[in-house]
Amino acid sequence: MKLITLVHVTTVPLSLRFVAGQAAYMRARGFESHAVSSPGEPLTQFAAEESVTVHPVSMARRITPLRDLVALFQLWRLFRCLRPHIVHAHTPKGGLLGMIAARLAGVPVRIYHMHGLPFITATGLTRRILMATEFVSCRMASQVLCVSRSVEAMAVDLQLSPPKKIHVLLQGSCNGVDAEREFNPDRVNGAVRSETRRRYGIPMDATVIGFVGRLARAKGLVELNDAWTILRKEHPDLHLLLIGPEEPGDPPPPGVLERLRTDARVRFTGENWETPPLYNAMDILVLPTHREGFPLVLLEAAAMGLPIVATRVTGCLDAIQDNMTGTLVPAADAGALAVGLNRYVCDPVLRRRHGEAAREWVLREFRPENIWQAVYHEYVRWLLSKGFTPQGKAPLEWSDNAQADRPWEQWS
């Protein structure tokens, strides 16, 4: 049997969660998956969990010309050795190096998955360099996939990619969310909420606002701190739960985290990605971010039945149905953020209604299996266009139906 060789590339192993679960789905359809990312325990863990072959190549998120050239050579050499049919690259640096190396190595199908646009919050020379890298990644790719329509629209408006070369699969997101098993409030033991709150010193009768993400300036920590200062005065039973690591590369201004740490009604969990019990301990999720691609945390919280307050920026626009599953507020506006949060704090009935609608929306639109199928269809469409066909069978007229999802065991 001749399998199709598929290689995913990310800058750091944590980003491989973008394709978690896909390897088994693709394996059943005649694909052999590989993953390339920076070395470390998370890469080894991904290999064990997904049963894929991994290849460590050190890559840096920052602009590091010499190190980037070394990584580019290593990727080119790897692709020349593996001779993959498809290279599917993710994240800005992984996308840039992966697409250039794949083009130089003669990989037939090169897919760049645009998970966001970091230059949105950059200025000056850094902004121009980041825009240039996105432009090159798109030019080197056979196909550009976007995680959201708002990112796609901005990429087209800025002429990073021709409209015919770029599109979004289904309703967006890179991998959907497992709302049936992992992020299902009905599967969380009733004692978990009280146990989690007890662990962090939060009373059972308190209203809890939660934040999940890097504690960075670009995630809106300044506005969250200011909005919290307003809200805590009005609601003595209100608590704030902050989940995520500090971000040395983009820290909030001095004093912001320190003020929050000294507040008796603010709790930090540190880096903790076992999030279902933590979502279960919340009443509202907040994400005052300045930019996103398609924030997975919003889908996870929605799947757990939480109403959400987030900013009206790329990515969040696609992950929330305003005034139905959550509330969108202007970015960098602490007053508007406080108003949006206060609405839910004061109205438990509205919280419940929007939370239930959010879960229903995720179940309807963001099932992982549907997204995996759409990715598979994309792969096969490109393989057919490059002349690869199942052995002993004529090329198929591609269509979205049950026949199109059957495994093709042999290729030529």
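In terms of our numbering, the numbers along the sequence shown are unbroken and rise by one, the last being 414. Positions of the beta carbon are idealized from the N, C-alpha and C atoms, including for glycine.
Contact check, THR313 vs SER152, beta carbons under 7 angstroms: No. Outside cutoff.
To which residues does DSSP link VAL56 through a beta bridge? By DSSP's assignment, VAL56 forms a beta bridge with ALA37.
Between which two residues does the beta strand (DSSP E) holding HIS237 run? Element bounds for HIS237: n/a, residue is neither H nor E.
Closest to LEU217 by C-alpha separation, out of LEU301, THR271 and VAL364, would be which residue? Ranking the options by Cα distance to LEU217, first place goes to THR271.
In chain order, what residues of the same chain have a beta carbon less than 6 angstroms from the beta carbon of MET326, not counting five sequence neighbours either side? Result list for MET326: ALA359, in chain order.
Run the CB neighbour count on CYS318, radius 10 Å, all protein chains shown included, and call it buried at 16 or more, exposed below. By the neighbour-count rule (16 or more Cβ atoms within 10 Å), CYS318 is buried.
Taking the straight line between their C-alpha atoms, what separation do you get for GLY337 and GLY328? So the two alpha carbons sit approximately 17 angstroms from each other.
Would you kindly check if the distance between the Cβ of PRO94 and the Cβ of PRO58 is under 7 angstroms? No, these two residues do not count as a Cβ contact at 7 angstroms.
On the criterion of 16 or more Cβ atoms from any shown chain inside 10 Å, does SER60 qualify as buried, or is it exposed? It counts as exposed.
Can you say whether ASN191 is buried or exposed, counting buried as having 16 or more other CB atoms within 10 angstroms of its CB? By the Cβ-count criterion, ASN191 is exposed, with fewer than 16 other Cβ atoms from all chains shown falling within 10 Å of its own Cβ.
Distance cut-off 6 angstroms: PHE213 Cβ against heavy atoms of the ligand GTP: As presented, the structure is devoid of all ligands, the ligand GTP included, so that no description of it is given.
With H, G and I counted as helix, E and B as strand and the rest as coil, what does DSSP make of GLU276? DSSP places GLU276 in coil when its eight states are reduced to three.
Run the CB neighbour count on ARG353, radius 10 Å, all protein chains shown included, and call it buried at 16 or more, exposed below. The residue in question, ARG353, is buried, as its Cβ has 16 or more Cβ neighbours within 10 Å.
CA-to-CA distance, VAL179 to LEU172, given in whole angstroms: Going by the C-alpha atoms only, they are around 14 angstroms apart.
Whole-Å CB distance - ASP208 paired with HIS241, under 8 angstroms assumed: The sequence given here places Ala at residue 208; Asp does not occur at that position. Contact between ALA208 and HIS241 holds, with the beta-carbon distance rounding to 5 angstroms and staying under 8 angstroms.
So for ARG269, helix, strand or coil by DSSP? The three-state secondary structure of ARG269, taken from DSSP, is strand.
Any 3 or more C-beta pairs closer than 8 angstroms across the region 78-90 and the region 108-120: When C-beta atoms of the region 78-90 are compared with those of the region 108-120, three or more pairs fall below 8 angstroms, so the two segments count as touching.
Look at the alpha carbon of LEU71 and the alpha carbon of LEU98, and state the distance between them as a whole number of angstroms. Those two C-alpha atoms are separated by around 11 angstroms.
Going by DSSP, name the residue or residues bridged to ARG112. The secondary-structure analysis by DSSP pairs ARG112 across a beta bridge with VAL89.
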